[in-house]
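Colleague:
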Amino acid sequence: MSPYMAEFVSTALLILLGNGVVAGCVLKETKTGGGNWMVITTGWAFAVFVGVVVAGPISGAHINPAVTIGLATAGLFPWVDVLPYILMQFLGAMLGASLVYWFYYDHFKITDDAGLKRACFATEPAIRNYKINYMNEIIGTFVLMFVIFYIAGDAHITLPNTTQATPIGLGSIGALPVAILVWVVGLSLGSTTGYAINPARDGGPRIVLTLLSKCVGAKPDWAYGWIPLTAPIVGALIAAALFLWLKI
Numbered sequence: 231m232s233p234y235m236a237e238f239v240s241t242a243l244l245i246l247l248g249n250g251v252v253a254g255c256v257l258k259e260t261k262t263g264g265g266n267w268m269v270i271t272t273g274w275a276f277a278v279f280v281g282v283v284v285a286g287p288i289s290g291a292h293i294n295p296a297v298t299i300g301l302a303t304a305g306l307f308p309w310v311d312v313l314p315y316i317l318m319q320f321l322g323a324m325l326g327a328s329l330v331y332w333f334y335y336d337h338f339k340i341t342d343d344a345g346l347k348r349a350c351f352a353t354e355p356a357i358r359n360y361k362i363n364y365m366n367e368i369i370g371t372f373v374l375m376f377v378i379f380y381i382a383g384d385a386h387i388t389l390p391n392t393t394q395a396t397p398i399g400l401g402s403i404g405a406l407p408v409a410i411l412v413w414v415v416g417l418s419l420g421s422t423t424g425y426a427i428n429p430a431r432d433g434g435p436r437i438v439l440t441l442l443s444k445c446v447g448a449k450p451d452w453a454y455g456w457i458p459l460t461a462p463i464v465g466a467l468i469a470a471a472l473f474l475w476l477k478i
């Protein structure tokens, strides 16, 4: 795969599995109905693991426009590739959201609560306070991006009786730190807004919901949707600025 296609495929898998666990927990008559926050955050964490395993060796597995912009701001990714990456991330997220709808089609049909159906696509706050919600998404993404800078750094150790740093590769297990990071962000900082921390994760499915709103029986709520589209980018920029300052 090309790096662009890798971003498309891995983001589609991220949303299929991430929004899929939400649908399984909140829609009627599923075998995981009533699943709690631990189930949802765990599902999302390992959805990230899957995406990183697939695209990591090819594109770096950004699967998140905020990550792409943050890495470019820190000089770790070429700006010329930023817009193509973001486009493929949004298109992949839209495909993943569409697959979730068709996978759970019968369950969407028998679920009456529009809010629960909307949750299978996009995030919304537990308490609607736009200033606080915006800050929550900034902080969550800041933590994500700041730690990613250190995860993304070369892993080196110094072997006994040598002075040479030796790179150590973990193969697919190298994706696990990112999954754990997303997991703890969700557990600790996700319960106020649903922790979008990713403009494509929220925006792509919200676009699909806009197109399918009559079929789904839920409105996309763009009155809130601008927050997960923009706040994660702010959080990533702050993380990049701090990372660069600490390196000086």
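The C-terminal residue of the sequence shown carries number 478 in the working numbering, and the numbering is unbroken. Cβ coordinates follow ideal geometry from the N, Cα and C atoms, glycine included.
1) Rounded to whole angstroms, what's the CA-CA distance from valine 239 to lysine 347? Just pull it up for me.
2) Using 7 Å as the threshold, is the C-beta distance between threonine 422 and alanine 356 below it?
3) Could you spell out where the alpha helix (DSSP H) holding tryptophan 475 opens and where it closes?
4) If contact is defined by three or more beta carbon pairs under 8 Å, each pair taking one atom from either stretch, is the segment 255-265 in contact with the segment 424-435?
5) Would you mind giving the Cβ-Cβ distance between alanine 430 and proline 314, rounded to the nearest angstrom? I have them listed as a contact below 8 Å.
6) Alpha carbon to alpha carbon, how far is serine 443 from valine 464?
7) Measuring CA to CA, which of Val408, Arg358 and Gly370 is closest to tyrosine 380?
8) Exposed or buried, what is proline 308 when buried is set at 16 or more other beta-carbons lying within 10 Å of its beta-carbon?
9) Taking the continuous alpha helix (DSSP H) assigned at tryptophan 186, which residues delimit it?
10) Straight-line CA distance for phenylalanine 279 to aspartate 343?
11) Cα-Cα, which of Phe376, Asn363 and Leu317 is closest to glutamate 237?
12) Among residues of its own chain, excluding the 5 on either side of alanine 448, which ones have a beta-carbon nearer than 7 Å to its beta-carbon?
13) Quick one: residues in its chain with C-beta nearer than 6 Å to the C-beta of phenylalanine 473, no 5 flanking neighbours on either side, listed in chain order?
14) When the distance is taken between beta carbons, is cysteine 255 closer than 7 Å to isoleucine 245?
15) Please determine, among Met231, Pro450 and Asn249, the residue with the shortest C-alpha to C-alpha distance to leucine 329.
16) If you scan the segment 423-451 from start to end, which runs of the alpha helix (DSSP H) of 4 or more residues do you find wholly inside it?
17) Could you check the C-alpha separation between tryptophan 475 and alanine 291 for me, to the nearest Å?
18) Please list, in chain order, all residues of the same chain as isoleucine 454 whose beta carbon is under 6 Å from its beta carbon, the five residues on each side excluded.
19) Unbroken alpha helix (DSSP H) runs of length 4 or more, entirely within the segment 286-352: which are they?
20) For alanine 253, which residues in the same chain have their Cβ closer than 6 Å to its Cβ, ignoring the five residues on either side in sequence?
21) Using a Cβ-Cβ cutoff of less than 7 Å, which residues in the same chain neighbour leucine 406 once the five nearest sequence positions on both sides are dropped?
22) Quick check on alanine 466: buried or exposed, where buried means 16 or more other Cβ atoms within 10 Å of its Cβ?
23) Under a three-way DSSP split, which group does isoleucine 368 fall into?
24) Tell me whether the beta-carbon of valine 312 lies closer than 7 Å to the beta-carbon of threonine 298.
Modeller: If we stick to the structure as given:
1) Straight across, the Cα-Cα distance linking valine 239 with lysine 347 is about 24 Å.
2) Contact flag set, yes.
3) 452-477
4) no
5) Alanine 430 to proline 314, Cβ: 13 Å. No contact.
6) 29 Å
7) Val408
8) Flag for proline 308 reads exposed.
9) Because the chain here runs from 231 to 478, residue 186 falls outside it and cannot be looked at.
10) Answer to the nearest angstrom: the Cα atoms are 31 Å apart.
11) Leu317
12) Ala344, Lys347, Arg348 and Leu439
13) Taking phenylalanine 473 as the centre and dropping the five residues before and after it, the same chain places the C-beta of Ala304 and Phe379 closer than 6 Å to its C-beta, in chain order.
14) no
15) Asn249
16) Runs found: 429-441 and 443-446.
17) Cα to Cα, the separation comes out at about 25 Å.
18) Reading off the sequence, residue 454 comes out as tyrosine, not isoleucine. Same-chain partners within the cutoff: Glu354.
19) If you keep only unbroken alpha helix (DSSP H) runs of at least 4 residues inside the segment 286-352, you get 295-303, 312-333, 335-340 and 344-349.
20) Val330, Tyr334 and Cys350
21) Hits under 7 Å: Phe279.
22) buried
23) helix
24) The answer is yes: Cβ separation under 7 Å.
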